[in-house]
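Using the working numbering, the first residue of the sequence shown is number 2, and each one after it goes up by one. Here the structure is laid out as structure tokens; the discussion comes afterwards.
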Amino acid sequence: MEAGAGTALYPAHRCKTIYLVRHAQGIHNVEGEKDFAAYKSHALLDAQLTPLGWSQVDTLRDHVTKCGLAKKIELVIVSPLLRTIQTAVGVFGGGNYIDGASASPLMVEGAGNSERQPISSLNCPPFLAVEACREHLVFIPVTRGAA
């Protein structure tokens with residue numbers, strides 16, 4: 002029997018939809034395109050977003066707002082890396098922070114050398130940074146056998 006709308010294993014109202022979003026362009030991406038070894042650099046481990054990355058954040062924020070998705074997000078789970086937090090907060094945060102507002106800023110002005118205005122926590126979903134969501138680089142040594 003084929004599963005139809007009325008024969009799903011779980012009723013739709015009891016299910017959650019998970020959206021996976023990759024971080025916007027970080028400075029490590031730019032350097033890694035020039036020299037792959039840059040991805041191993043400890044200086045770039047917690048890289049911030051580039052100006053293009055922030056443009057990507059703004060574009061995605063506009064999209065999720067216009068399509069109505071922004072109002073449906075219940076929780077944002079993010080890696081504790083700066084570039085992922087900047088992306089998540091920029092896309093799903095509460096907009097520009099207004100000093101004296103009843104909600105605290107979700108991101109302070111200029112976080113990660115971004116030259117961005119602070120972002121409010123007002124009217125946005127909760128954020129949870131989870132270490133298990135963080136990328137882990139694994140280097141496998143390559144050995145060359147005799148020809």
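All C-beta atoms in this analysis are idealised placements derived from N, C-alpha and C, irrespective of residue type, glycine included. From a predicted model like this one, the values you see are computed outputs, not experimental measurements.
If you compare alpha carbons, which of the options is closest to residue i?
i      : options                          : result
Ser121 : Val131, Met108 and Pro127        : Met108
Pro126 : Pro81, Ile74 and Ser80           : Ile74
His43  : Leu82, Ala133, Pro106 and Ile19  : Leu82
Gly113 : Pro52, Ala39, Val31 and Thr66    : Pro52
Val131 : Ile78, Pro106, Leu123 and Gly69  : Ile78
Gln49  : Leu123, Lys41, Glu116 and Ser105 : Glu116
Rounding to the nearest angstrom, what Cα-Cα distance links residue i and residue j in this structure?
i      : j      : result
Tyr11  : Lys17  : 11 Å
Trp55  : Gly111 : 12 Å
Arg135 : Gly94  : 20 Å
Ser80  : Val90  : 12 Å
Ile28  : Gln57  : 14 Å
Ile19  : Lys72  : 14 Å
His64  : Gly96  : 14 Å
Gly33  : Ala104 : 38 Å
Enumerate in chain order the residues of its own chain whose CB-to-CB distance from residue i is below 7 Å, with the five nearest sequence positions on each side excluded.
i     : result
His24 : Arg84, Thr85 and Thr88
Leu61 : Val92
Excluding the 5 residues preceding and the 5 following residue i in the sequence, name in chain order all residues of the same chain whose CB lies nearer than 6 Å to its CB.
i      : result
Asp36  : none
Leu129 : Ile78
Leu76  : Pro126 and Pro127
By the three-class DSSP mapping on this structure, what secondary structure does residue i have?
i      : result
Gly94  : coil
Ala130 : strand
Pro119 : coil
Gly113 : coil
Pro81  : coil
Would you please state the rounded distance, in angstroms, between the beta carbons of residue i and residue j? I believe it to be under 8 Å.
i     : j     : result
Ala39 : Leu45 : 6 Å
For residue i, I'd like the list of residues in its chain whose CB is within less than 8 Å of its CB, leaving aside the five on either flank, ordered along the chain.
i      : result
Pro106 : Tyr98, Pro119, Ile120, Ser121 and Ser122
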